[in-house]
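S.K.: Every number in the working numbering is 14 more than the matching position in the sequence shown, counting from 1.
Cβ coordinates follow ideal geometry from the N, Cα and C atoms, glycine included.
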Amino acid sequence: MIEIDQLSVRYGPTPVLHQVSAHIPEGELCLVVGPTGSGKSTLLGAIAARVPHLSGGMVSGHVRTGGRDTRQARPRDLADLVGVVSQDPRSSFVTDTVEDELAFTMEQLGIPEPLMRRRVEDVLDLLDLAGLRRRRLATLSGGEAQRVAIGAVLTAQPRVLVLDEPTSALDPGAAEDVLATLARLTHDAALTVVLAEHRLERVAGFADRVLALEPGPDGATAVIGSPAEVLATSAIAPPVTELGRLAGWDPVPVTVRAARRHAGELRTRVSGAVVDHDSAPGEELLRAERLQVRYGAISALAGVDLTLHAGTITAVLGRNGAGKSTLLWALAGAQRPDAGTVQVPHRVALVPQSPEDLLYRLSVDAELAAADGAAGPGATRAVLDQISSGIPGQANPRDLSEGQRLALAVAIQLAAQPRVLLLDEPTRGLDYTAKEQLAAHLDRLRRSGHGVVVASHDVEFVALVADRVVQLADGEVVADGPARELLTDSLLTAPQVARVLAPVPLLTVAEVRTAVERAG
15 MIEIDQLSVR YGPTPVLHQV SAHIPEGELC LVVGPTGSGK STLLGAIAAR
65 VPHLSGGMVS GHVRTGGRDT RQARPRDLAD LVGVVSQDPR SSFVTDTVED
115 ELAFTMEQLG IPEPLMRRRV EDVLDLLDLA GLRRRRLATL SGGEAQRVAI
165 GAVLTAQPRV LVLDEPTSAL DPGAAEDVLA TLARLTHDAA LTVVLAEHRL
215 ERVAGFADRV LALEPGPDGA TAVIGSPAEV LATSAIAPPV TELGRLAGWD
265 PVPVTVRAAR RHAGELRTRV SGAVVDHDSA PGEELLRAER LQVRYGAISA
315 LAGVDLTLHA GTITAVLGRN GAGKSTLLWA LAGAQRPDAG TVQVPHRVAL
365 VPQSPEDLLY RLSVDAELAA ADGAAGPGAT RAVLDQISSG IPGQANPRDL
415 SEGQRLALAV AIQLAAQPRV LLLDEPTRGL DYTAKEQLAA HLDRLRRSGH
465 GVVVASHDVE FVALVADRVV QLADGEVVAD GPARELLTDS LLTAPQVARV
515 LAPVPLLTVA EVRTAVERAG
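1. Can the beta-carbon of Leu436 be found closer than 8 angstroms to that of Val467?
2. Compute the Euclidean distance between the alpha carbons of Arg419 and Ala242, then round it to the nearest angstrom.
3. Quick one: Cα of Gly81 to Cα of His455, how far?
4. Give a yes or no on contact between the segment 394–404 and the segment 440–457, applying the rule of three or more CB pairs nearer than 8 angstroms.
5. Taking Ala516 as part of the beta strand (DSSP E), name the residues at either end of that continuous run.
6. Between Ala363 and Gly390, what straight-line distance do the alpha-carbon atoms span, to the nearest angstrom?
7. Whole angstroms are fine: how far does the CA of Val289 sit from the CA of Leu520?
8. Spell out a yes or no on whether the segment 261–280 and the segment 502–514 are touching, meaning 3 or more CB-CB pairs, one atom from each, closer than 8 angstroms.
9. Report the option in Val358, Ala273 and Ile38 whose CA atom is closest to the CA atom of Ala204.
10. Asp83 by DSSP, collapsed to three states: which one?
11. Among residues of its own chain, excluding the 5 on either side of His276, which ones have a beta-carbon nearer than 8 angstroms to its beta-carbon?
12. Please list, in chain order, all residues of the same chain as Met130 whose beta carbon is under 6 angstroms from its beta carbon, the five residues on each side excluded.
13. Compute the Euclidean distance between the alpha carbons of Glu256 and Leu322, then round it to the nearest angstrom.
14. Return helix, strand or coil for Leu372, following the three-state DSSP convention.
15. Would Gly332 and Gly296 qualify as a contact pair, given that the criterion is a beta-carbon distance under 8 angstroms?
16. State the Cα-Cα distance for the pair Leu372 and Ser285, rounded to the nearest angstrom.
17. Have a look at Gln171 and Gly75 and give me their C-alpha separation to the nearest angstrom.
18. Classify Arg304: buried if its beta carbon has 16 or more other beta carbons within 10 angstroms, exposed otherwise.
19. Give the DSSP-derived three-state secondary structure of Arg275 in the structure shown.
20. According to DSSP, what are the bridge partners of Leu436?
21. Roughly how many angstroms lie between the CA atoms of Gly71 and Ser22, to the nearest whole one?
22. From Val479, Ala448, Pro440 and Tyr446, pick the residue whose C-alpha is nearest to that of Arg458; which is it?
23. Secondary structure at Leu305, three-state DSSP: helix, strand or coil?
24. Mapping the DSSP letters down to three states, classify Val358 as helix, strand or coil.
25. Smallest Cα separation from Val237: which of Ser35, Lys338 and Pro126?
26. Tell me whether the beta-carbon of Asp232 lies closer than 8 angstroms to the beta-carbon of Pro29.
27. Is DSSP giving Asp537 helix, strand or coil here?
28. By Cβ distance below 8 angstroms, which residues in the same chain neighbour Arg498 in space, the five residues on each side in sequence not counted?
29. Count the other CB atoms, across all protein chains shown, that sit within 10 Å of the CB of Ile16; report buried if there are 16 or more and exposed otherwise.
30. Nearest-angstrom Cα distance between Asp386 and Arg395?
31. Could you check the C-alpha separation between Leu123 and Pro366 for me, to the nearest Å?
32. Please work out which residues of its chain come closer than 7 angstroms, Cβ to Cβ, to Asp94, disregarding the five sequence neighbours upstream and downstream, and give them in chain order.
33. Leaving out five residues before and five after Leu168 in sequence, what residues of the same chain have Cβ atoms less than 6 angstroms from its Cβ?
34. I'd like the list of long-range same chain contacts for Pro89, defined as Cβ closer than 7 angstroms, with 5 residues on each side in sequence excluded.
35. How should Leu175 be labelled, buried or exposed, when 16 other C-beta atoms within 10 angstroms of its C-beta is the threshold for buried?
36. Leaving out five residues before and five after Leu177 in sequence, what residues of the same chain have Cβ atoms less than 6 angstroms from its Cβ?
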């Protein structure tokens with residue numbers, strides 16, 4: 015279905031891909047992995063003919079999708095063959111309501127109205143969107159918008175589906191449903207899916223093959239094979255695979271189910287692990303009481319209480335549309351509550367889900383210089399390099415990957431030296447290394463007396479950073495307590511390590527490594 019032959023891509027003097035070759039058969043799900051900025055989006059763009067026709071750049075080699083050479087065929091020539099879901103789902107919306115968006119592509123392809131209606135109904139049921147049928151797109155949460163974007167592509171019934179981080183804005187349950195649907199379509203309808211994703215713990219078990227991009231001086235090269243073959247040695251691997259490497263399991267697992275078959279001895283070895291407890295929290299930095307926010311007939315927050323102390327990180331979890339983003343906007347003072355109070359006697363900074371909302375200058379250097387302020391020249395760049403190093407100063411922020419834009423936005427907000435930092439889905443687009451760098455920086459903020467609130471679906475990141483978890487459902491707090499207790503007690507949100515080693519209360523590979531060393 016997809017033939018990639020010696021593909022090389024360069025943007026000006028910057029090489030991105032170097033002699034990438036791969037074969038992706040019909041009816042398979044191929045997972046594309048690699049570090050942030052390694053060229054995953056460029057590879058997906060080449061498959062869909064967006065590279066070079068929309069992106070520019072110099073291209074050599076060939077990509078044939080469904081037998082069509084994407085250097086010759088333009089994206090519109092592949093509209094009947096290839097569907098594309100980008101990192102930012104809202105950027106592709108062209109109508110006002112969910113139902114109209116699902117029908118739009120079919121209208122452009124001239125599909126008869128009775129068939130259009132049937133396909134819309136099928137997709138509404140397939141992606142659990144029936145309750146959102148008449149909702150305005152502007153009112154959707156990030157995760158809801160992601161599902162609509164996927165559905166809008168599926169209604170046209172393409173033979174190839176290209177998705178750039180399709181689960182990044184989805185809660186664990188919704189992500190599992192979407193991936194299971196994609197896997198079912200590959201197996202039952204011979205749909206070929208090419209999917210780039212950083213959260214491999216979600217996707218690896220659904221993939222038929224993995225294409226790993228490995229950065230090099232001439233651009234990224236590629237290795238392709240089965241998930242077990244590629245991830246066993248890849249620098250980018252899910253926590254369960256890292257756990258297998260630490261324990262010396264052979265073969266190295268890529269799913270929790272496979273890991274649990276080997277885990278008995280390791281579980282026994284670390285069963286007496288004692289987890290270090292953090293010091294007592296400091297002064298109160300923020301207090302919200304009985305917060306209520308309504309959007310018309312929709313109750314986004316219904317009596318939410320939350321406190322934040324110095325030296326702590328609180329994670330807010332919940333399904334898409336549970337009210338997490340609304341809570342952060344209310345805490346930041348950007349959303350006036352309909353009832354309740356927010357007391358924040360200190361400076362607060364918010365990084366929203368869409369980091370480009372904070373970026374409006376023409377280069378990274380210009381953004382950094384504007385943010386330096388009283389902190390002095392180079393201060394914001396130093397923070398940025400701690401989070402995600404190697405972002406070129408001359409680059410336009412709009413040309414950065416999603417993860418790089420997010421890292422830049424975080425660095426800019428931190429430059430103002432807020433006492434309270436609010437982060438809405440801060441790991442979208444970040445690979446495991448970048449997430450660890452961000453976690454390390456948040457830990458430095460915690461140790462220096464800051465307070466952080468993180469709204470996230472990324473339970474692996476929450477396991478790395480959070481002291482406390484607040485879980486929302488339909489705008490209400492349904493759980494509030496220590497992160498370790500709440501994460502290990504959940505069937506849905508437990509991180510991979512906790513699920514493999516349960517009932518041992520360890521959350522991360524780093525904690526297991528420490529426990530093994532202490533056990534001798």
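M.R.: In short:
1. Pairing Leu436 with Val467 gives a Cβ-Cβ distance under 8 angstroms.
2. 31 angstroms
3. Going from the Cα of Gly81 to the Cα of His455 covers about 47 angstroms.
4. yes
5. Where Ala516 is concerned, there is no enclosing beta strand (DSSP E), given that its DSSP letter is neither H nor E.
6. Going by the C-alpha atoms only, they are around 19 angstroms apart.
7. 8 angstroms
8. yes
9. Ile38
10. strand
11. Closer than 8 angstroms at the Cβ level, and outside the excluded window around His276, lie Gly258, Ala261, Trp263 and Pro267.
12. Ala117 and Met120
13. Their Cα atoms are separated by approximately 33 angstroms.
14. helix
15. no
16. 46 angstroms
17. 29 angstroms
18. exposed
19. coil
20. Leu364 and Val467
21. Straight-line measurement puts the Cα of Ser22 at about 10 angstroms from the Cα of Gly71.
22. Proximity to Arg458 across Val479, Ala448, Pro440 and Tyr446 peaks at Val479, based on C-alpha coordinates.
23. strand
24. coil
25. Ser35
26. Yes; because the gap between Cβ atoms is below 8 angstroms, this pair is in contact.
27. This structure gives no information on residue 537, because the portion of the chain shown stretches from 15 to 534.
28. Val289, Pro519 and Leu521
29. buried
30. 9 angstroms
31. Cα atoms of Leu123 and Pro366: separation of roughly 36 angstroms, rounded to the nearest angstrom.
32. Leu123
33. Val137
34. Ala62, Ala63, Arg64, His67 and Leu68
35. buried
36. Val99 and Leu209
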